[in-house]
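This report concerns only the one structure given below.
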Amino acid sequence: MKMYFFVYHVKPSPKMKNAANIAGAYVSCWIEAASITIAEKVAEKKIELTDWQIIELDESFEIGEDHYSKDSESFQFYKQALIDKWVLRFHTYPFE
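Count the sequence shown with my numbering and you get residues 20 to 115, in order.
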């Protein structure tokens, strides 16, 4: 299995609890899968299950441990994805 990294631009679905206070988010996704196509489908399903709607896919590529410095926060998410097979990290932004 390989690790893939995606960044999605998303908006809250109307049924989301705090939807009125959040304009959108960028979601960093670490997904372990047999192919990038499978990983992308997994990422999109996981995002949708958290009451977010995908606007667009901004980035996608295979990623390895050598991409990170060992003390970076992102490296910790990568390592967690090796255990759990997926990690999503949301970076929300407010209305202007």
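Glycine is no exception: its CB is placed at the ideal position from the N, C-alpha and C atoms.
Quantities reported herein were computed from a predicted structural model and do not represent experimental measurements.
**Request:** Please state whether DSSP places K34 in a helix, a strand or coil.
**Result:** Here the question's residue 34 lines up with position 15 in the sequence shown. Residue state, collapsed to three classes: coil.
**Request:** State buried or exposed for S47, treating a residue as buried only when at least 16 other CB atoms are found within 10 Å of its CB.
**Result:** Sequence index remark: in the sequence shown, residue 47 carries index 28 (1-based). Within 10 angstroms of the beta-carbon of S47 lie 16 or more other beta-carbons, which makes it buried.
**Asked** If we ignore side chains and look at the alpha-carbon of each, how far apart do W105 and K21 end up?
**Response** Position 86 of the sequence shown, counting from 1, holds the residue named residue 105. Position 2 of the sequence shown, counting from 1, holds the residue named residue 21. The straight-line gap separating the alpha-carbon atoms of W105 and K21 is approximately 11 Å.
**Message:** Restricting to runs no shorter than 4 residues, where is the alpha helix (DSSP H) found entirely within the stretch 86–115?
**Reply:** Listed in chain order, they are 92–103.
**Asked** Thinking just about the alpha-carbon of each residue, which of E59, Y97 and F80 is nearest to the one in S88?
**Response** By 1-based counting over the sequence shown, the position of residue 88 is 69. Of the listed residues, the one whose Cα sits closest to S88 is Y97.
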